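Contents: one structure, followed by commentary.
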Amino acid sequence: MMTIAATPRPPYYAVIFTSLRTDVDDGYGETAEAMVALAEQQPGFLGVESAREGLGITVSYWRDLEAIRHWKQQVDHREAQRRGRQDWYSAFKTRIALVERDYGLERDGGSEPDQALAQSQNQQ
290 MMTIAATPRP PYYAVIFTSL RTDVDDGYGE TAEAMVALAE QQPGFLGVES AREGLGITVS
350 YWRDLEAIRH WKQQVDHREA QRRGRQDWYS AFKTRIALVE RDYGLERDGG SEPDQALAQS
410 QNQQ
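Number 337 in our numbering belongs to position 48 of the sequence shown; there are no gaps in the numbering.
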């Protein structure tokens with residue numbers, strides 16, 4: 290089931306991984322699932338969202354830059370990165386951004402309008 294990551298109030302960081310796949314599929318799906326499960330166990334991990342329709346975009350959310358550095362160097366993740374470069378991706382780009390503000394809507398949860406959205410609209 291697809292969900293929007295439940296992140297804390299900003300600030301926090303987003304790692305945006307954008308990719309184009311090759312035709313090689315050998316172990317890709319299993320590795321992608323394993324990396325999400327492993328990331329969820331890392332200190333400072335806040336959540337992840339991913340979509341692929343030709344172009345793939347995965348956004349992971351982290352407490353701070355140190356948590357991102359730790360994840361980048363994690364041994365199993367390093368091996369997945371190597372396989373990605375060698376087999377699975379024809380192109381990719383990783384971007385790291387500081388999230389200063391977020392707001393949104395969740396109809397199914399019956400939540401009130403987000404305060405940040407109301408503040409944002411008042412500032413415009």
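All C-beta atoms, glycine included, are put in the ideal place defined by N, C-alpha and C. Just so it is clear, the structure is predicted and the values come from calculations on it, not from any experiment.
Return the residue from the list H359, G343, G316, I357 that minimises the CA-CA distance to A380. Taking the sequence shown and counting its residues from 1, one reaches residue 380 at position 91. For the set H359, G343, G316, I357, the Cα lying nearest the Cα of A380 is the one of G343.
Residues in the same chain with beta-carbon distance under 6 Å from I346, minus the five sequence neighbours each way, listed in chain order, please. Locating residue 346 in the sequence shown gives position 57, counting from the first residue. If we look at I346 and ignore the five residues flanking it on each side, its Cβ neighbours are T307, A340.
Between A407 and A356, what straight-line distance do the alpha-carbon atoms span, to the nearest angstrom? Counted from its first residue, the sequence shown places residue 407 at position 118. Counted from its first residue, the sequence shown places residue 356 at position 67. In this predicted model, A407 has a pLDDT of only 47, less than 50, meaning its place in the structure is not dependable; the value taken from the coordinates is given anyway. Distance between the alpha carbons of A407 and A356: 31 Å.
Whose C-beta lies closer than 7 Å to the C-beta of T292 among residues of the same chain, with five residues either side of it excluded? Walking along the sequence shown from the start, residue 292 turns up at place 3. Excluding sequence neighbours, T292 sits near nothing in its chain.
To the nearest angstrom, how far is it from the Cα of Y302 to the Cα of S349? Taking the first residue of the sequence shown as position 1, residue 302 is located at position 13. Taking the first residue of the sequence shown as position 1, residue 349 is located at position 60. Approximately 8 Å between the Cα atoms of the pair.
Determine the direct distance from the alpha carbon of G393 to that of V325, and round the result to whole angstroms. Translated into the one-based positions of the sequence shown, residue 325 becomes position 36. Translated into the one-based positions of the sequence shown, residue 393 becomes position 104. Within the model, the alpha-carbon separation for V325 versus G393 is close to 24 Å.
If you compare alpha carbons, which of D376, P332, R372, E338 is closest to I305? The sequence position of residue 305 within the sequence shown is 16, counting from 1. Here the closest residue by C-alpha is E338.
In this structure, does DSSP put A386 in helix, strand or coil? As a position in the sequence shown, residue 386 is number 97, starting the count at 1. DSSP, read as helix, strand or coil, puts A386 in strand.
At which residue ranges does the region 301 to 373 contain complete beta strand (DSSP E) runs of 3 or more residues, listed in the order of the chain? The region 301 to 373 contains these whole beta strand (DSSP E) runs: 301 to 310, 334 to 342, 344 to 351.
If you drop the 5 nearest sequence neighbours on each side, which residues of the same chain put their C-beta closer than 7 Å to that of D353? As a position in the sequence shown, residue 353 is number 64, starting the count at 1. If we look at D353 and ignore the five residues flanking it on each side, its Cβ neighbours are Y302, G333.
How big is the Cα-Cα spacing for D365 and A323? For the purposes of this step, residue 365 is taken as residue 76 along the sequence shown, with counting starting at 1. For the purposes of this step, residue 323 is taken as residue 34 along the sequence shown, with counting starting at 1. For D365 and A323, the distance between alpha carbons rounds to 9 Å.
Considering Cα atoms alone, identify which of Q375, G373, T383, W377 is closest to R358. Counting from one through the sequence shown, the residue named residue 358 turns up at place 69. Closest by C-alpha distance to R358, out of Q375, G373, T383, W377, is T383.
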